[in-house]
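Enquirer: The following block contains the structure, expressed as structure tokens.
In my numbering, the protein residues as written are 1 to 618.
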């Protein structure tokens, strides 16, 4: 048994080589029972285990549904900047494409990247600079595209309007993602993290959510009753009912068909909230309660506004590179994406450590982190080439789901990646999501963007909040990140250096809130005198330190598949590659320890784990 480790308040880390029945951080909830009553701190399956195929499928689908809200939100927001508000068919294509590429990038990350059970999906850190670029005067949508009665979605003029904008976003993301590829595979992420602490991360992440408040308010304001209901349902499910189990029929060899308590509200609060509000909108539309006049308030809550989208969408669609044309590149867009890429890398490093703790794995070594960041950059490059209008990053929501299901196997995430690819191929699936009423989406944004903002502020826990220095740095960075972009958007012609390229670069950077706030946070935190303890650097590094040695457990989890680790280590120059795992010959003490996980469990009397929470696919 590996020694126990305490990190950031999360106790009882262990990767049990003998039993392979791993401890995970305990979570106490007072008198409320946890999902796993008897052994709440035990994992049913560790990261390298292979659960039964049916469990992989069910929990893989559950992970996809957990990421559902974040994945579909990105193309729906981006469609506004692309002038696609009234083109539901194209929106469905974008949704299918982002699902497809999320699945591809997930398989790449689990197989060749950091190799932890972590899902990949669209990222809001690249959405903010993309929307800033599309807000430039040259990309402002023509007035006629804002009027549904004037839009002919099949006309060559309209297609050229939105595809030119998409190609500009694609090219910027593809070039900008090369920075992440370089930083990851070169091992520079460790050097970056020496100068980036909580006072840089907090305003950067928080301003991602705060900068999107207008998008949330605009959609929610189309019908405040429906949007308030959506928000209320998500809050009730995720906060008040999360510890209340729902009896669902399950099957096991010992008990056959029986009922098991599943914490469904904790697992799928967003999906349940959207589904119920969507159903109510459908009922109100069917009985003509909602107005049918486009000029009346509440009209956009109807579910038949895009009624022909599902019928027009093809049953099968196969996304491919360059499906919107040859990408174009602008310097302003690339520099804006650079800011988003840096934020994404910082967030992913924290997700890797959290995922390792919750999946019963050793802390990720440097070569695994480097590889994970590099593969994420490659994923952004592929997502840009395929035309999602976005990149990919690790999903924190799914890391939390590991602690709920107590199944940390990466094969579950592989199944989830395959499921997302299948969803991306079926065009009708994306069309259905494209018909969600605008107020329902607005209600979801109210919760989602608020949580993103709070997640950024939560990183301040590592710094000294009694320090006037830290209060000044954070306060000034946050306020500047709101004021400067707001003024720049209202005065688009104020920046005039005489060089159009420089004007475009400054326009994009100064309208990207996360860049402005992160820049001032980085500059002030690294120039104003202060100790590392006061700045939170020591506590931050301790919570994300690489304390794993080259043990058999670490090699088994983070080594490359298909014997690639052994092959690369035989090459003399491989030791200079920061993303290659070190090779250690198998010692005599490791002989006979190659029992499979299930054999070890059966020897201990665990023929079939009895505490697996199976999320039934709704």
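Glycine included, C-beta positions come from ideal geometry on N, C-alpha and C.
These numbers come from a predicted model, not from an experiment.
1) Is the distance from the Cβ of residue 623 to the Cβ of residue 319 below 8 Å?
2) Using 8 Å as the Cβ pair cut-off and three pairs as the minimum, do the stretch 321 to 341 and the stretch 365 to 374 touch?
3) For residue 518, is the classification buried or exposed, using 16 other Cβ atoms within 10 angstroms of its Cβ as the cut-off for buried?
4) Write down every uninterrupted run of the alpha helix (DSSP H) in the stretch 233 to 308 whose length is 4 residues or greater and which is fully enclosed by it, in chain order.
5) Under a three-way DSSP split, which group does residue 387 fall into?
6) Between the beta-carbon of residue 448 and the beta-carbon of residue 204, is there less than 8 Å?
7) Given residue 510, which residues of its chain have a CB within under 7 Å of its CB, disregarding the five upstream and five downstream residues?
8) Suppose the cutoff is 7 Å on Cβ atoms and the five residues either side in sequence are ignored; what does the same chain contact list for residue 520 look like?
9) Secondary structure at residue 382, three-state DSSP: helix, strand or coil?
10) Skipping 5 residues on each side, what residues in its chain have a beta carbon closer than 7 Å to that of residue 351?
11) List the residues that DSSP assigns as beta-bridge partners of residue 121.
12) Should residue 277 and residue 233 be called a contact, given that it needs their Cβ atoms to be closer than 8 Å?
13) Hey, residue 631 and residue 70 are a contact pair by Cβ (cut 8 Å); roughly how many whole angstroms apart?
14) Pair every Cβ in the stretch 340 to 351 with every Cβ in the stretch 47 to 67, then say whether three or more of these pairs are closer than 8 Å.
15) Check whether the stretch 554 to 561 touches the stretch 107 to 124, counting contact only when three or more Cβ pairs, one atom from each stretch, lie closer than 8 Å.
16) Mapping the DSSP letters down to three states, classify residue 45 as helix, strand or coil.
17) In angstroms with no decimal places, state the Cα-to-Cα distance between residue 43 and residue 410.
18) Looking only at C-alpha atoms, which of 502, 525, 432 sits nearest to residue 468?
19) Taking contact to mean at least 3 C-beta pairs separated by less than 8 Å, is the stretch 284 to 301 in contact with the stretch 236 to 249?
20) Taking 8 Å as the cut-off, does the stretch 355 to 364 touch the stretch 148 to 166 (at least 3 CB pairs, one atom from each stretch)?
21) Terminal residues of the continuous alpha helix (DSSP H) containing residue 532?
22) Taking DSSP as the reference, what is the three-state secondary structure of residue 151?
23) With a Cβ-Cβ cutoff of 8 Å, do residue 434 and residue 255 count as a contact?
24) Given that a residue counts as buried once 16 or more other Cβ atoms are within 10 Å of its Cβ, and exposed if not, what is residue 120?
25) By Cβ distance, which residues of its chain are closer than 7 Å to residue 428, with the 5 residues on each side in sequence left out?
26) In whole angstroms, what separates the C-alpha of residue 596 from that of residue 47?
27) Closer than 7 Å by C-beta to residue 237: which residues in its own chain qualify, once you throw out the five before and the five after it? Chain order, please.
28) Identify the continuous alpha helix (DSSP H) that holds residue 352 and give its terminal residues.
29) I'd like to confirm the pairing. Which residues does DSSP put opposite residue 407 in its beta bridges?
30) Pull up the distance between the alpha-carbon of residue 302 and that of residue 99, whole angstroms please.
31) In angstroms with no decimal places, state the Cα-to-Cα distance between residue 686 and residue 263.
32) Sort out for me which residues DSSP pairs residue 426 with in a bridge.
33) For residue 460, which residues in the same chain have their Cβ closer than 6 Å to its Cβ, ignoring the five residues on either side in sequence?
34) Since residue 205 is in the alpha helix (DSSP H), which residue starts that stretch and which ends it?
35) Does the Cβ of residue 537 have 16 or more other Cβ atoms within 10 Å, making it buried, or fewer, making it exposed?
36) Any idea what DSSP makes of residue 497, helix, strand or coil?
Expert: Judging by the given coordinates:
1) Since the displayed the chain opens at 1 and closes at 618, residue 623 lies outside it and no answer follows.
2) no
3) Mapped onto the chain shown, residue 518 falls at position 518. Residue 518 is buried by the Cβ-count criterion.
4) 264 to 267, 269 to 286
5) For the purposes of this step, residue 387 is taken as the residue at position 387 of the chain shown. Residue state, collapsed to three classes: coil.
6) Working through the chain shown from its first residue, we reach residue 448 at position 448. Working through the chain shown from its first residue, we reach residue 204 at position 204. Against a cut-off of 8 Å, the Cβ pair of residue 204 and residue 448 comes out as no contact.
7) Translated into the one-based positions of the chain shown, residue 510 becomes position 510. Cβ neighbours of residue 510 beyond the five flanking positions: 484, 485, 488, 516.
8) Counting from one through the chain shown, the residue named residue 520 turns up at place 520. Hits under 7 Å: 476, 477, 480.
9) Counting from 1 along the chain shown, the entry for residue 382 is found at position 382. Correct three-state label for residue 382: helix.
10) To locate residue 351, count along the chain shown from 1; it is residue 351. For residue 351, where only same-chain residues beyond five positions count, the Cβ hits under 7 Å are 118, 394, 396, 399.
11) For the purposes of this step, residue 121 is identified with residue 121 of the chain shown, where counting begins at 1. According to DSSP, residue 121 bridges with 393.
12) Looking up residue 277 in the chain shown gives position 277. Looking up residue 233 in the chain shown gives position 233. Cβ distance < 8 Å, so residue 277 and residue 233 count as in contact.
13) Any answer about residue 631 is impossible in this case: the structure gives the chain only from 1 up to 618.
14) no
15) yes
16) Here residue 45 refers to the residue found at position 45 of the chain shown. Strand.
17) As a first step, residue 43 must be located in the chain shown, where it is residue number 43. As a first step, residue 410 must be located in the chain shown, where it is residue number 410. Using only the alpha carbons, I get a separation of about 13 Å.
18) Numbered from 1 along the chain shown, position 468 holds the residue referred to as residue 468. Answer by Cα proximity: 525.
19) no
20) no
21) As a working mapping, residue 532 is identified with position 532 in the chain shown. Start and end: 532 to 535.
22) By one-based count along the chain shown, residue 151 stands at place 151. Residue 151 falls in the coil class under three-state DSSP.
23) For this step, residue 434 is matched to residue 434 along the chain shown. For this step, residue 255 is matched to residue 255 along the chain shown. Their beta carbons are not under 8 Å apart, which means residue 434 does not touch residue 255 by this criterion.
24) Residue mapping note: residue 120 aligns to position 120 of the chain shown, counting from 1. So residue 120 ends up on the buried side.
25) For the purposes of this step, residue 428 is taken as the residue at position 428 of the chain shown. The residues are 310, 313, 315.
26) Numbered from its first residue, the chain shown carries residue 596 at position 596. Numbered from its first residue, the chain shown carries residue 47 at position 47. In this predicted model, residue 596 has a pLDDT of only 41, less than 50, meaning its place in the structure is not dependable enough to derive any value.
27) Walking along the chain shown from the start, residue 237 turns up at place 237. Cβ within range, chain order: 265, 269, 272, 273.
28) Here residue 352 corresponds to residue number 352 of the chain shown, with the count starting at 1. That run of the alpha helix (DSSP H) goes 331 to 358.
29) On the chain shown, position 407 is the one that residue 407 refers to. Its beta-bridge partners are 45.
30) Numbered from 1 along the chain shown, position 302 holds the residue referred to as residue 302. Numbered from 1 along the chain shown, position 99 holds the residue referred to as residue 99. Approximately 26 Å, taken between the alpha carbons.
31) It is not possible to answer for residue 686, since the shown part of the chain is limited to 1 through 618.
32) Against the chain shown, residue 426 aligns to sequence position 426. DSSP lists 316 as partners of residue 426.
33) To locate residue 460, count along the chain shown from 1; it is residue 460. These residues qualify, in order along the chain: 198, 202.
34) For the purposes of this step, residue 205 is taken as residue 205 along the chain shown, with counting starting at 1. Run containing residue 205: 198 to 210, per the alpha helix (DSSP H) assignment.
35) Here residue 537 is taken as the residue at index 537 of the chain shown, counted from 1. When all chains shown are included, residue 537 counts as buried.
36) To locate residue 497, count along the chain shown from 1; it is residue 497. Coil.
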